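J.:
Put into structure tokens, the structure is as follows:
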């Protein structure tokens with residue numbers, strides 16, 4: 002089969018078709034790679050974990066936006082499962098290499114749509130990947146994404162998360178404060194972690210935002226949940242968050258998403274200890 006030149010694609014339907022053809026018939030790694038962004042415990046300066054993030058690789062990155070690629074995956078269950086297995090392979094590889102330089106490993110988060118999480122095969126895919134290399138399930142955190150491709154009933158979502166937590170996996174509510182990532186979802190599901198959307202950092206000195214962050218820090222602590230704020234870019238933001246009781250942050254202030262090799266070097270060169278803050282430990 003001859004793959005059409007991505008440079009010649011002009012319409013979204015053509016791009017969708019090209020992505021599907023290429024990924025189904027060829028190696029996913031020719032289009033996507035996985036990078037890792039650290040989450041930092043800002044109290045003791047230790048590495049709290051990493052988030053595994055998909056990125057479109059060159060030369061396709063010049064022509065296909067990541068959000069376009071992800072929407073194609075989310076509309077096709079088999080493609081989404083293929084991406085999940087690809088991500089898990091990369092995460093396991095990273096865990097193995099972590100283990101070669103440290104007796105302990107920090108947990109890795111992966112992003113999963115509600116639709117994929119509710120798929121009957123989802124948990125077995127996770128279990129097979131981790132059991133093959135004997136890593137404990139607590140080393141994997143499932144970040145539940147906001148996705149508009151298909152509505153998933155809250156009751157079904159809650160049941161799936163309950164099973165994951167009972168098995169030992171961490172489950173994070175991503176982008177809290179946007180769309181359906183609201184208090185109803187928070188109260189209904191057994192999350193181990195809440196991630197606050199980066200919008201909260203815009204005009205962070207606003208009194209209402211300061212009160213909200215402080216409230217969320219106290220609420221999640223009382224609920225025995227980890228609380229992470231994304232998008233931290235300045236020392237000023239960091240100092241305010243620390244004073245408000247926030248313990249874990251993620252963002253360009255610490256590091257951009259980096260390659261697996263750079264993430265390992267980040268662990269070694271910074272000499273950061275493995276955080277014991279997480280309730281998953």
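Numbering (our numbering), first residue to last: 2 to 282.
Note that CB positions come from ideal geometry on N, CA and C, so glycine has one too.
All values derive from a computational prediction rather than experimental measurement.
Please state whether the Cβ-Cβ distance between residue 145 and residue 122 is less than 7 Å.
T.: Along the chain shown, read from residue 1 onward, the residue named residue 145 stands at position 144. Along the chain shown, read from residue 1 onward, the residue named residue 122 stands at position 121. Contact flag unset, no.
J.: Across the region 152-171 and the region 201-210, are there enough close Cβ pairs to call them in contact, namely three or more that are closer than 8 Å?
T.: The region 152-171 vs the region 201-210: no contact.
J.: Assuming residue 94 and residue 251 are in contact, meaning their beta carbons sit under 8 Å apart, how far apart are those beta carbons, in whole angstroms?
T.: Position 93 of the chain shown, counted from the start, is the residue given in the question as residue 94. Position 250 of the chain shown, counted from the start, is the residue given in the question as residue 251. Actually they are not in contact, since the Cβ atoms of residue 94 and residue 251 sit about 22 Å apart, beyond 8 Å.
J.: Between residue 158 and chain D, is any beta-carbon pair separated by less than 7 Å?
T.: In the structure shown, chain D does not exist; there is a single protein chain.
J.: Would residue 38 be called buried (16 or more neighbouring beta carbons within 10 Å of its own) or exposed?
T.: Numbered from its first residue, the chain shown carries residue 38 at position 37. Residue 38 comes out buried.
J.: In angstroms, rounded to a whole number, what distance separates the CA positions of residue 231 and residue 189?
T.: Working through the chain shown from its first residue, we reach residue 231 at position 230. Working through the chain shown from its first residue, we reach residue 189 at position 188. Spanning the two alpha carbons is a distance of roughly 23 Å.
J.: Going residue by residue through the region 159-212, where are the continuous beta strand (DSSP E) segments of at least 3 residues, counting only ones entirely within it?
T.: DSSP runs (the beta strand (DSSP E)) wholly in the region 159-212: 171-177, 194-197.
J.: Rounded to the nearest angstrom, what separates residue 143 and residue 209 at their Cα positions?
T.: Taking the chain shown and counting its residues from 1, the one referred to as residue 143 is at position 142. Taking the chain shown and counting its residues from 1, the one referred to as residue 209 is at position 208. If you take the alpha carbons of residue 143 and residue 209, they lie about 30 Å apart.
J.: Could you check the C-alpha separation between residue 138 and residue 168 for me, to the nearest Å?
T.: Here residue 138 corresponds to residue number 137 of the chain shown, with the count starting at 1. Here residue 168 corresponds to residue number 167 of the chain shown, with the count starting at 1. Roughly 7 Å separates the two Cα atoms.
J.: Could you spell out the range, first to last residue, of the alpha helix (DSSP H) harbouring residue 83?
T.: Taking the chain shown and counting its residues from 1, one reaches residue 83 at position 82. Segment 78-102, the alpha helix (DSSP H) holding residue 83.
J.: Grab the span of the beta strand (DSSP E) containing residue 244 for me, first residue to last.
T.: Counting from 1 along the chain shown, the entry for residue 244 is found at position 243. Residue 244 -> not in any beta strand (DSSP E); alpha helix (DSSP H) instead, spanning 236-244.
J.: Within a Cβ cutoff of 6 Å, which residues of the same chain sit near residue 77, ignoring the five residues on either side of it in sequence?
T.: One-based indexing of the chain shown puts residue 77 at position 76. Contacts found: none.
J.: For residue 47 and residue 140, what's the separation of their Cα atoms in angstroms?
T.: Translated into positions along the chain shown, residue 47 becomes position 46. Translated into positions along the chain shown, residue 140 becomes position 139. Cα-Cα distance, rounded: 16 Å.
J.: Please state whether DSSP places residue 262 in a helix, a strand or coil.
T.: Taking the chain shown and counting its residues from 1, the one referred to as residue 262 is at position 261. Residue state, collapsed to three classes: helix.
J.: Would you kindly work out how many angstroms separate the C-alpha atoms of residue 28 and residue 103, rounded to a whole number?
T.: Looking up residue 28 in the chain shown gives position 27. Looking up residue 103 in the chain shown gives position 102. Going from the Cα of residue 28 to the Cα of residue 103 covers about 32 Å.
J.: With a 10 Å radius around its C-beta and 16 neighbouring C-beta atoms as the bar for buried, classify residue 125 as buried or exposed.
T.: Against the chain shown, residue 125 aligns to sequence position 124. Exposed: under 16 other Cβ atoms inside 10 Å.
J.: Should residue 87 and residue 259 be called a contact, given that it needs their Cβ atoms to be closer than 7 Å?
T.: Walking along the chain shown from the start, residue 87 turns up at place 86. Walking along the chain shown from the start, residue 259 turns up at place 258. Not a contact, by the Cβ cut-off of 7 Å.
J.: Could you tell me the boundaries of the beta strand (DSSP E) in which residue 1 lies?
T.: This structure cannot speak to residue 1, because the chain is shown only from 2 to 282.
J.: Going by C-alpha to C-alpha distance, which of 54, 111, 247 sits closest to residue 216?
T.: In the chain shown, the residue the question calls residue 216 occupies position 215. Minimum Cα distance to residue 216 is reached at 247.
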